[in-house]
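Input: a single structure, listed below in structure tokens.
In the UniProt record's numbering, the protein residues as written are 1 to 510.
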């Protein structure tokens with residue numbers, strides 16, 4: 001009950017400030033030093049501020065919609081094309097990379113930037129005071145809260161980089177490393193933070209993640225201490241449900257994702273070991289495991305596999321107009337995200353190895369005999385009622401770590417294709433595919449990895465970033481002679497908000 005009250009208090013706090021600009025927020029802080037001193041005079045104040053960061057991340061402009069199941073899925077061309085008509089306009093513009101259109105797309109780009117840096121500002125505000133208040137928190141709470149805040153700062157910065165910065169880094173590091181990109185903000189100040197170089201930015205992300213891991217050595221998920229060690233810190237359940245926050249293994253998983261994005265030989269080698277360690281630790285300590293087909297009716301979002309998931313209060317409301325298993329084209333206000341029957345059957349290879357793949361047979365539903373709607377984020381009232389994990393969106397899952405490790409085995413300084421195939425075959429078997437892959441060269445292994453990304457992460461906003469990271473010239477669903485779409489930096493790199501350009505920021509898209 002107390003932890004629910006804590007979330008409610010944090011939500012009310014976030015709601016009161018979520019529309020304040022960065023400068024106004026700093027003004028509020030400077031005018032409220034007494035109230036801030038009171039707020040951080042108890043552990044609950046720090047806990048509320050931390051939970052407030054997660055609540056802000058669940059906003060519709062961030063991971064409640066536009067950084068998760070909606071905009072990245074449109075940019076990744078994961079679903080059938082929208083037409084330029086009525087309420088479809090914004091989705092059409094996004095799906096066609098018309099970022100500066102007269103629709104709502106430009107406003108979306110600006111709000112993602114603003115809200116993302118707002119989360120960062122809130123994290124920085126707590127980080128600026130937490131060390132001098134260690135006596136208020138005690139060592140366990142101090143270290144865990146500080147570790148999570150550092151991880152939030154790194155996570156949010158990295159996703160802003162993935163949107164507003166260049167991809168395909170591993171193939172053009174020489175030209176990107178010293179190029180200016182987004183600012184990496186670590187202080188609370190009215191002064192404008194200068195832009196970082198790409199190399200400096202990614203190093204700042206890794207520094208924060210490494211520091212977070214150091215502080216999270218006290219994380220209960222490691223099971224390195226008995227319950228008595230956490231008794232005082234967890235008196236009200238604050239340390240329960242660690243997969244709902246950036247726990248130790250989640251930070252390791254994000255670090256592996258970041259290292260693979262950077263993509264150097266050293267980065268891939270480090271990503272491999274980090275991913276393998278996160279897999280082993282997550283499974284051995286009971287944080288995550290492979291979901292079974294029989295669990296899907298009550299857990300379509302596959303929360304069993306979540307290493308870090310975000311509790312998005314309005315997820316079912318946000319998705320209701322887009323993910324609807326039974327829809328008619330004539331329905332007003334319905335903007336369904338679906339795959340054509342032919343595309344879905346080809347993707348899941350149902351006439352071949354995919355005939356037993358339960359991602360097709362269980363996670364999609366056929367509508368009107370011609371279209372397939374994904375069920376992963378569909379949350380009818382019966383599931384919401386029975387499943388306490390409803391409204392949880394996956395920020396990183398076990399499957400991604402397997403694919404990261406497999407890719408690193410295939411492309412590292414000392415490739416090991418057999419180990420890459422072992423990981424792929426294990427993952428495929430967990431999805432109901434019992435025909436093992438064998439004898440593939442590196443190109444073949446990477447092709448199969450790409451297939452598994454598409455099959456496994458439908459509705460999760462992963463594929464656009466996969467294509468961008470690998471420098472894909474064509475997006476598979478549209479790689480045909482009738483409607484080829486050639487990808488380039490103008491499509492992959494979102495434009496900075498106008499106000500950032502007017503303030504002197506530089507964004508050159510070659």
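Note that beta-carbon positions come from the ideal geometry of N, C-alpha and C, so glycine has one too.
Here the structure is a predicted model, which means the values were calculated and not measured.
*By DSSP, does residue 189 sit in helix, in strand, or in coil?*
Translated into the one-based positions of the chain shown, residue 189 becomes position 189. Of the three classes helix, strand and coil, the one that applies to residue 189 here is coil, per DSSP.
_Tell me which residue opens and which closes the beta strand (DSSP E) that residue 513 is part of._
No answer is possible for residue 513: it lies beyond the span of the chain, which begins at 1 and ends at 510.
*Return the chain-ordered list of same chain residues with a C-beta closer than 6 Å to the C-beta of residue 409, the five sequence neighbours on each side being excluded.*
For the purposes of this step, residue 409 is identified with residue 409 of the chain shown, where counting begins at 1. If we look at residue 409 and ignore the five residues flanking it on each side, its Cβ neighbours are 416, 419 and 420.
*Extent of the continuous beta strand (DSSP E) run through residue 308*: Numbered from 1 along the chain shown, position 308 holds the residue referred to as residue 308. Counting along the chain, residue 308 sits inside the beta strand (DSSP E) bounded by residues 306-311.
*Under three-state DSSP, which class holds residue 196?*
Start at 1 with the first residue of the chain shown, and residue 196 comes out as number 196. The answer is coil: DSSP assigns residue 196 none of H, G, I, E or B.
*Taking the C-alpha atoms as reference points, what is the distance between residue 113 and residue 353?*
Taking the first residue of the chain shown as 1, we reach residue 113 at position 113. Taking the first residue of the chain shown as 1, we reach residue 353 at position 353. In a straight line, the C-alpha of residue 113 is about 42 Å away from that of residue 353.
*asked:* Counting only C-beta atoms, is residue 209 closer than 9 Å to chain B at any point?
replied: Here chain B cannot be found, since the structure has a single protein chain.
*Between which two residues does the alpha helix (DSSP H) carrying residue 149 extend?*
For the purposes of this step, residue 149 is taken as residue 149 along the chain shown, with counting starting at 1. Note, residue 149: alpha helix (DSSP H), 139-164.
*asked:* Check for me: the beta strand (DSSP E) holding residue 372 runs from which residue to which?
replied: The residue labelled residue 372 in the question sits at position 372 within the chain shown. Where residue 372 is concerned, the enclosing beta strand (DSSP E) stretches over 371-374.
_Rounded to whole angstroms, what is the Cα-Cα separation between residue 36 and residue 243?_
Position 36 of the chain shown, counted from the first residue, corresponds to residue 36. Position 243 of the chain shown, counted from the first residue, corresponds to residue 243. Taking the straight line from one Cα to the other gives about 29 Å.
*Can you tell me the Cβ-Cβ gap for residue 56 and residue 157, rounded? I've got them flagged as a contact below 8 Å.*
If you number the chain shown from 1, residue 56 lands on position 56. If you number the chain shown from 1, residue 157 lands on position 157. With 8 Å as the limit, residue 56 and residue 157 do not qualify as a contact, their Cβ atoms being about 14 Å apart.
_Element boundaries [beta strand (DSSP E), containing residue 365]_ = Position 365 of the chain shown, counting from 1, holds the residue named residue 365. Where residue 365 is concerned, the enclosing beta strand (DSSP E) stretches over 364-367.
*Within this structure, are the beta carbons of residue 514 and residue 199 separated by less than 9 Å?*
Since the displayed the chain opens at 1 and closes at 510, residue 514 lies outside it and no answer follows.
*Does the distance from the CB of residue 424 to the CB of residue 449 come in under 9 Å?*
For the purposes of this step, residue 424 is taken as residue 424 along the chain shown, with counting starting at 1. For the purposes of this step, residue 449 is taken as residue 449 along the chain shown, with counting starting at 1. It is a contact, given that the beta carbons lie within the stated cut-off.
*Range covered by the alpha helix (DSSP H) that runs through residue 79*: As a working mapping, residue 79 is identified with position 79 in the chain shown. Run containing residue 79: none; DSSP gives neither H nor E here.
*Could you please give the first and the last residue of the uninterrupted alpha helix (DSSP H) stretch that includes residue 125?*
The sequence position of residue 125 within the chain shown is 125, counting from 1. For residue 125, the uninterrupted alpha helix (DSSP H) run begins and ends at 105-130, by DSSP.
*What does a CB cutoff of less than 6 Å around residue 296 pick up in its chain, not counting 5 residues either side in sequence?*
What you label residue 296 is simply residue 296 of the chain shown in a count that begins at 1. Hits under 6 Å: 362.
*Three or more beta-carbon pairs under 8 Å between the segment 371-381 and the segment 312-328, yes or no?*
yes
*If residue 167 and residue 468 are in contact, beta carbons under 8 Å, what's the gap, nearest whole angstrom?*
For this step, residue 167 is matched to residue 167 along the chain shown. For this step, residue 468 is matched to residue 468 along the chain shown. 3 Å between Cβ atoms; contact.
_Nearest neighbour of residue 77, chosen from 426, 428, 307 and 472 [CA to CA]_ = Locating residue 77 in the chain shown gives position 77, where the first residue counts as 1. Taking only the C-alpha atoms, the option nearest residue 77 is 472.
*Grouping DSSP H, G and I as helix and E and B as strand, with all else coil, what is residue 386?*
Here residue 386 refers to the residue found at position 386 when the chain shown is read from its first residue. Summary for residue 386: the model assigns pLDDT 48, below 50, so the residue's position carries little reliability; its value from the coordinates is reported in the next sentence. Note: residue 386 maps to helix in three-state DSSP.
*Does the segment 455-464 come within contact of the segment 64-80, defined as at least 3 CB pairs closer than 8 Å?*
yes
*Residues in its own chain within less than 8 Å of residue 209 by CB, not counting five upstream and five downstream?*
As a first step, residue 209 is located in the chain shown; it is residue number 209 there, counting from the start. Result list for residue 209: 150, 151, 154, 251, 254, 255 and 258, in chain order.
*Does DSSP put residue 340 in a helix, in a strand, or in coil?*
Counted from its first residue, the chain shown places residue 340 at position 340. It is a strand residue.
*In three-state terms, what does DSSP make of residue 235?*
Position 235 of the chain shown holds residue 235. Three-state DSSP puts residue 235 in coil, outside helix and strand.
_Pair within 9 Å by beta-carbon distance, residue 184 and residue 204_ = The residue you call residue 184 lines up with position 184 of the chain shown. The residue you call residue 204 lines up with position 204 of the chain shown. Yes, Cβ-Cβ distance for residue 184 and residue 204 is below 9 Å.
*Alpha-carbon spacing of residue 126 relative to residue 494, whole angstroms*: Position 126 of the chain shown, counting from 1, holds the residue named residue 126. Position 494 of the chain shown, counting from 1, holds the residue named residue 494. So the alpha carbons of these two residues sit roughly 30 Å apart.
*Let me know if residue 386 comes out buried or exposed under the rule of 16 or more other beta-carbons within 10 Å of its beta-carbon.*
On the chain shown, position 386 is the one that residue 386 refers to. Bear in mind that the predicted position of residue 386 carries a pLDDT of just 48, short of 50, making it unreliable; the figure below should be weighed with that in mind. The residue in question, residue 386, is exposed, as its Cβ has fewer than 16 Cβ neighbours within 10 Å.
*Helix, strand or coil for residue 276 per DSSP?*
As a first step, residue 276 is located in the chain shown; it is residue number 276 there, counting from the start. Residue state, collapsed to three classes: helix.
*Compute the Euclidean distance between the alpha carbons of residue 287 and residue 310, then round it to the nearest angstrom.*
As a working mapping, residue 287 is identified with position 287 in the chain shown. As a working mapping, residue 310 is identified with position 310 in the chain shown. Taking the straight line from one Cα to the other gives about 15 Å.
*Answer yes if the segment 271-280 comes into contact with the segment 393-413, meaning at least three C-beta pairs across the two stretches below 8 Å, and no otherwise.*
With a cut-off of 8 Å, the segment 271-280 and the segment 393-413 count as touching, because enough Cβ pairs lie within range.
*Return yes when the Cβ of residue 506 is within less than 9 Å of the Cβ of residue 180, no when it is not.*
Against the chain shown, residue 180 aligns to sequence position 180. Against the chain shown, residue 506 aligns to sequence position 506. Taking 9 Å as the Cβ cut-off, residue 180 and residue 506 qualify as a contacting pair.
*Determine the direct distance from the alpha carbon of residue 339 to that of residue 511, and round the result to whole angstroms.*
Residue 511 lies beyond the range of the chain shown here (1 to 510); nothing can be said about it.
_N-terminal and C-terminal residue of the alpha helix (DSSP H) that residue 465 is part of_ = Here the question's residue 465 lines up with position 465 in the chain shown. Segment 463-470, the alpha helix (DSSP H) holding residue 465.
_Excluding the 5 residues flanking residue 215 on each side, which residues of the same chain have their C-beta closer than 6 Å to its C-beta?_
Numbered from 1 along the chain shown, position 215 holds the residue referred to as residue 215. Within the same chain, residue 215 has close Cβ partners 143, 146 and 147.
*For residue 234 and residue 407, the rounded distance between their alpha carbons*: Here residue 407 refers to the residue found at position 407 when the chain shown is read from its first residue. Here residue 234 refers to the residue found at position 234 when the chain shown is read from its first residue. In a straight line, the C-alpha of residue 407 is about 39 Å away from that of residue 234.
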